[in-house]
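One structure is given here, and the rest of the page talks about it.
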Amino acid sequence: MKDARGLDVSANDPAAVAAADDFAARLLRLDQGVEGILEAAKRWPDTPIIQLYAAAFWLYGQTDGVRETAAAHLRACEVLAMNRRERALHRALALWHGNDNLYAVEALEAITAEWPGDLFTAKLAEFLYYVLGQQYMGPRFRAHIRRLEFAHAEDPDFLAMAAFASELCGDYGEAEARAERALGIAARNPWAQHALSHVLIRQGRVREGLARLESFLPLLATCGRPIHCHDAWHLALLYLEQLDVAAAMRVFRTHIWGITPDFVVEQLDAIALLWRIEMAGTPMDAQWPSIAEHVAARAGETFMPFMNAHYVYALARAGHGDALQAALARVRARSAADDEEAKRVWAPVGGAVIEAAAAFGAGDRARAAALLDPVMPVMTSIGGSDAQDDLFRQAYLRSLQAAGRHADAAAYFDRITAGKASTPLDRALAN
């Protein structure tokens, strides 16, 4: 049988294929209802694409517990008759499950090279570029997207991905044009809105960004919870550019924190926003205990350094010394491991960024600066997007300033604000 994009699937029930198509469409649009694939996996346990999609659903969870649930679906596939594309996807997902992220993205790229109509697999690769560092991997992400353009040029989900890839490469004009094109085709497209928000904030177009994201907020609340939270986070960042902490915290309380506080996305966005508000000059002491309560149990999980850096900062700010030291011990052990991922990012970069985040949270800014000095040129390889990694750029700037390295701080400030219209936040960070 064939799916909605004309790709062969190993199935004998049209309803199973329809369920797989529904999941793929919802994930591409970051829509509510993706969890429907879990019921489908129970109904069609012998349909490989259903089991593969269920595994992918769980892998997005980014915790040890859900990764083990994903493994059960991958094991179920091993005894099923899969076609070549399904076997290739199984291999890619198994690599992802094993945290072999670079090999996983290579496997996903190979699938779309042979089956360019497989936009779902390109979406999975997009997430792994995030794990590998989206700005760091930006040119590779963009090259991947360009190879697929002939097959998807007018698809709004493809255009949203293409817009983001262009933005990550600093091509803001093309990114904005593609995001607007995607929104013109499908107004309810949170990933296109996300790409547009990146452009607007990186160019300092704050008033325009606020108007656009505020107008999108009612629709956003009907989208999947991760993108609802994350696009709202971008809105809060735009308010922070104006030093409007009250408005940023209104968004925080209404759309970011406390709705699904055990979701990784919600935890990371909450921590990052509060950390930035503190660096802009407003302490957030009262917020940290509740966040630390939710992140302490997973702060020692080592999915990617970007996540751990957020977790240890929250623990340090909440004064959870024992949990902080336990998390740092796990990070040090991960960095000393002998696998490819440890050698690629944990040992050369990630460990130092995480130690610096803990030091910064504990008030030792001079140590944070010293730890970050050698790794900032490759900091983006720890994971996250360009906008997310601005957190560490600002932390480095504040660390240099607190360490009395004013000339270094001034030069670094000029470098990270070049090409951006000056905002009240920029002026606050300059001092």
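Positions in the sequence shown are counted from 1; adding 909 to them yields the working numbering. Each residue gets a CB set at the ideal place from its N, CA and C atoms; glycine is no exception. All figures in this text were calculated on a predicted structure; none of them were measured in a lab.
DSSP-derived helix/strand/coil call for residue i
{"i": "leucine 917", "result": "One detail in the question is off: residue 917 reads as aspartate in this sequence, not leucine. Strand, per DSSP."}
{"i": "aspartate 854", "result": "The chain is shown from 910 up to 1340; residue 854 falls before or after that span and cannot be answered."}
{"i": "cysteine 1132", "result": "strand"}
{"i": "histidine 1139", "result": "helix"}
{"i": "arginine 1324", "result": "helix"}
{"i": "serine 1294", "result": "coil"}
{"i": "asparagine 1010", "result": "helix"}
{"i": "tryptophan 967", "result": "helix"}
{"i": "asparagine 1340", "result": "coil"}
{"i": "histidine 982", "result": "helix"}
{"i": "isoleucine 1200", "result": "helix"}
{"i": "alanine 1096", "result": "coil"}
{"i": "arginine 1314", "result": "coil"}
{"i": "tyrosine 1045", "result": "coil"}
{"i": "glutamate 1015", "result": "helix"}
{"i": "isoleucine 1168", "result": "coil"}
{"i": "glycine 974", "result": "helix"}
{"i": "glutamine 1303", "result": "helix"}
{"i": "valine 1173", "result": "helix"}
{"i": "glutamate 1123", "result": "helix"}
{"i": "proline 1025", "result": "coil"}
Residue-chain proximity (residue i, chain B), Cβ-Cβ < 7 Å
{"i": "glutamate 1076", "result": "Considering every chain present, this structure includes no chain B. It has just one protein chain."}
Assigned exposure category for residue i - 16 Cβ within 10 Å defines buried
{"i": "asparagine 1217", "result": "buried"}
{"i": "aspartate 1027", "result": "buried"}
{"i": "phenylalanine 1301", "result": "buried"}
{"i": "alanine 1104", "result": "buried"}
{"i": "serine 1290", "result": "buried"}
{"i": "arginine 938", "result": "buried"}
{"i": "serine 1106", "result": "buried"}
{"i": "valine 1174", "result": "buried"}
{"i": "glutamate 1150", "result": "buried"}
{"i": "arginine 1241", "result": "exposed"}
{"i": "threonine 1211", "result": "buried"}
{"i": "alanine 1022", "result": "exposed"}
{"i": "glutamine 1234", "result": "exposed"}
{"i": "histidine 1143", "result": "buried"}
Inter-residue CB distance, residue i and residue j (contact presumed, cutoff 8 Å)
{"i": "valine 1115", "j": "threonine 1326", "result": "With a Cβ gap of about 14 Å, valine 1115 and threonine 1326 do not count as contacting."}
{"i": "alanine 1225", "j": "glycine 1260", "result": "Incorrect: roughly 16 Å between the Cβ atoms, too far for contact."}
{"i": "alanine 1034", "j": "glutamate 1058", "result": "Not quite, the Cβ-Cβ distance comes to about 15 Å (not below 8 Å), so this is no contact."}
{"i": "phenylalanine 1029", "j": "leucine 936", "result": "7 Å"}
{"i": "alanine 1016", "j": "alanine 1001", "result": "4 Å"}
{"i": "alanine 1091", "j": "alanine 1101", "result": "4 Å"}
{"i": "serine 1294", "j": "glutamine 1043", "result": "4 Å"}
{"i": "alanine 1013", "j": "tryptophan 1005", "result": "4 Å"}
{"i": "alanine 1145", "j": "leucine 1177", "result": "13 Å between Cβ atoms; not a contact."}
{"i": "glycine 1113", "j": "alanine 1074", "result": "Actually they do not touch by this definition, with Cβ atoms about 22 Å apart."}
{"i": "histidine 982", "j": "alanine 964", "result": "4 Å"}
{"i": "methionine 1288", "j": "valine 1258", "result": "7 Å"}
{"i": "alanine 1268", "j": "alanine 1227", "result": "Rounded, the Cβ-Cβ distance is 15 Å, inconsistent with contact."}
{"i": "valine 1154", "j": "threonine 1191", "result": "5 Å"}
{"i": "alanine 1088", "j": "alanine 1062", "result": "Actually they are not in contact, since the Cβ atoms of alanine 1088 and alanine 1062 sit about 15 Å apart, beyond 8 Å."}
Distance CB(residue i)-CB(residue j) smaller than 7 Å
{"i": "leucine 1280", "j": "alanine 1265", "result": "yes"}
{"i": "valine 1108", "j": "tyrosine 1148", "result": "no"}
{"i": "tryptophan 953", "j": "isoleucine 959", "result": "yes"}
{"i": "glutamine 1010", "j": "leucine 1041", "result": "Looking at the sequence itself, residue 1010 is asparagine, so the reference to glutamine does not match. Their beta carbons are under 7 Å apart, which means asparagine 1010 touches leucine 1041 by this criterion."}
{"i": "isoleucine 1054", "j": "methionine 1070", "result": "yes"}
{"i": "alanine 1278", "j": "leucine 1237", "result": "no"}
{"i": "proline 957", "j": "methionine 910", "result": "no"}
{"i": "valine 926", "j": "aspartate 917", "result": "no"}
{"i": "leucine 1128", "j": "arginine 1159", "result": "no"}
{"i": "alanine 1179", "j": "isoleucine 1168", "result": "no"}
{"i": "proline 1025", "j": "alanine 1060", "result": "yes"}
{"i": "leucine 1334", "j": "alanine 1189", "result": "yes"}
{"i": "tyrosine 1039", "j": "phenylalanine 1050", "result": "no"}
{"i": "valine 1284", "j": "proline 1214", "result": "no"}
{"i": "tyrosine 962", "j": "isoleucine 946", "result": "yes"}
Sheet register partners of residue i (DSSP bridge)
{"i": "lysine 911", "result": "Asp917"}
Closer than 6 Å: residue i CB and nearest the ligand PLP heavy atom
{"i": "phenylalanine 1301", "result": "Summarising the ligand content, the structure contains no ligands, and the ligand PLP is consequently not present."}
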